[in-house]
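Engineer: Okay, here's the structure, questions in a sec.
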Amino acid sequence: MSKSDDLSSIKAYFIPLKLGSYQIETLKHGLEKAGGEACSDQVNANVILTALTSDTRIKRHLKNHNIPVVKVDWLKECLKKHEKIPMDSYQIQNFHSDTTTHSSSTVHPQQSHQPQQPSIRLVRTGEVLNRWYDTMPPDTMPSFDEEDEGSLKKDDTHRIAPDFINTKYECLRNTPLEARHNKKLVFLLRLMERQRYMDMQDKNALSYRHALAAIKAYPRKIRSADEAKQIVGIGKKISDLIRMYLETGTIPDAEDLLGDTKFRTLSLFNKVFGVGPSTASLWYAQGYRTLQDVLDRAKLAKAVKLGIELLPDLEQPMSRQDAKELIDIIGTEIKDVDSQAFATPVGGYRRGKKENGDLDIIISSRRLQHGTDLFLQNILHHLTGKGYVKHVLLISDKGTTSYGNHYSSSGADMEKLDTCFTAFLQPSTQTLRQVDFIVTSLDEYPYAVLGWTGSQQFVRSHREYAKKVIN
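Heads up, the sequence shown stops at 471 in the UniProt record's numbering, and the numbers go up one at a time, no gaps.
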């Protein structure tokens, strides 16, 4: 931040409720780095920052009613943009008894502020924890552009595309990152697959994944249910859904999920690190409808509580530019641990995804021909000391069994490697990102890159093909 737009005039007090200790410390560090001051009491502060949204709850924690109360996202945006932005749209209800209003965003201790209309911008810190789908409209159906395919003769609408590799082994054919044809159909069937997964119908969910992999790779628009039936991986039930889609333009059961409270709530719970469908379903059965409900009422293991507190950051999509920033930092820092170390990003980033929920990165060294010694622990110690790794979410040495549903790509198949899932601070945005470290010897390196690049279905089929065909 330059001298003219730094935060040197800011003396902030943080209301700790709904802000985890890690968030408060991160924000305090960012504020102080930008020239501001984090106050231990409200008397010396000239602004109060909070993640609370209820006026009643905020009032209970106010001792100084003469200063503005502002959403904590204001500070996050300042740190993200490296400038002091106007405060007006982030101010919460005026709690000062004086009704005089001011429009200036400059902070003064005796200033009172005009109440603000609710902003349409979601408050990152509080919104996800208080997201209650009973009160929210259905999710929006995306729009889909299909590639122009020209015309087909009538007989061709019942025949399989001649250039399609029709096999149950997905690893034997090219599959685009996103479907070029049948995009809406893929979207709807993916909803059905997700619903089966959340309901713990694993066999049914796998059937949908086989069908989805085939449809994504199919080189033209599917024209009939008869054509679909000929595709390996599409059984009668899914071909009937395809018939319905071709006749009506939708699959009602799938489209209904966009507004289904239970499905959306379970999917949200499932985003928490270490929480799978079983725990999500248990929370729902116990009457919890928001993550704040879970925090307030459930008896939680320390790791799960941390996972919920981290979610406001970890759920933020990571652009390729964001990921590149982290890759560059890691590539530089590991040289201080081992001058011959090198890092290779894998997972969705290596497959070319524009946005990712996390970053998978393989680390090896030219001196580690056969084993990894304490390489992972040394890297973690170094990155923690430099302030990048804020939390270790899960660490797994060779041979140990890992838990949870957050193995990016194919991590569940690679538990024999040294792995560590972390909350990693991205300096430019002050956002915590999930970075998964996989440490390998040179012997293991090429196989690790293949396995962790994914996708999950590709790796599953690759393993099955190796066992049943090659062996």
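Even glycine gets a Cβ: it sits at the ideal position worked out from N, Cα and C.
Source: prediction; values computed, not measured.
Just to confirm my understanding: we take residue 474, look at its own chain, exclude 5 residues before and 5 after, and list those with CB closer than 8 Å. What are they?
Structural biologist: Here the chain has residues from 1 to 471 only, and residue 474 is not among them.
Engineer: Quick check on the DSSP output: the alpha helix (DSSP H) that includes residue 474 runs from which residue to which?
Structural biologist: Residue 474 lies beyond the residue range present for the chain, which begins at 1 and ends at 471; the question has no answer from this structure.
Engineer: Hey, is the segment 332–340 in contact with the segment 289–300, meaning 3+ C-beta pairs nearer than 8 Å?
Structural biologist: no
Engineer: Nearest-angstrom Cα distance between A280 and R367?
Structural biologist: Counting only the Cα atoms, R367 lies some 44 Å from A280.
Engineer: Can you grab the Cα-Cα spacing for the pair V186 / L212, in whole Å?
Structural biologist: Approximately 6 Å, taken between the alpha carbons.
Engineer: Terminal residues of the continuous beta strand (DSSP E) containing D358?
Structural biologist: Bounds of the beta strand (DSSP E) holding D358 are 358–365.
Engineer: State the Cα-Cα distance for the pair V392 and F421, rounded to the nearest angstrom.
Structural biologist: 6 Å
Engineer: Can you look up L432 in the DSSP assignment and give me helix, strand or coil?
Structural biologist: strand
Engineer: Near N130, what residues of its chain come up, given a Cβ to Cβ distance below 6 Å and the 5 sequence neighbours on each side ignored?
Structural biologist: Short of 6 Å from the beta carbon of N130, and not among the five residues preceding or following it, lie these beta carbons of its own chain, in chain order: T290, Q292.
Engineer: Can the beta-carbon of L177 be found less than 8 Å from the beta-carbon of G352?
Structural biologist: It is a contact, given that the beta carbons lie within the stated cut-off.
Engineer: If you run the structure through DSSP and keep just helix, strand and coil, what is I85?
Structural biologist: Three-state DSSP puts I85 in coil, outside helix and strand.
Engineer: Looking at E315 and Y22, is the spacing between their C-beta atoms short of 8 Å?
Structural biologist: The Cβ-Cβ distance between Y22 and E315 does not fall below 8 Å.
Engineer: Per DSSP, K184 forms a beta bridge with which residues?
Structural biologist: Note: K184 sits in no beta bridge, so no partner.
Engineer: Going by CA-CA distance only, name the one from M192, T56, R223, T175 that's closest to H158.
Structural biologist: R223
Engineer: By the DSSP assignment, the beta strand (DSSP E) with L394 in it spans what residues?
Structural biologist: Boundaries of the beta strand (DSSP E) around L394: 389–396.
Engineer: R57: buried (16+ other C-beta within 10 angstroms of its C-beta) or exposed?
Structural biologist: exposed
Engineer: Do the CB positions of T250 and L188 come within less than 8 Å of each other?
Structural biologist: yes
Engineer: Flag this pair as touching only if the segment 421–439 and the segment 354–370 have three or more C-beta atom pairs under 8 Å; answer yes or no.
Structural biologist: Yes, the segment 421–439 touches the segment 354–370.
Engineer: What is the rounded straight-line gap between the Cα of N66 and the Cα of T53?
Structural biologist: Roughly 19 Å between the two C-alpha positions.
Engineer: Looking only at DSSP bridge pairs, what is D418 linked to?
Structural biologist: V439, per the DSSP bridge assignment.
Engineer: Could you check where the alpha helix (DSSP H) with K354 kicks off and where it finishes?
Structural biologist: Here K354 belongs to no alpha helix (DSSP H), and DSSP marks it neither H nor E.
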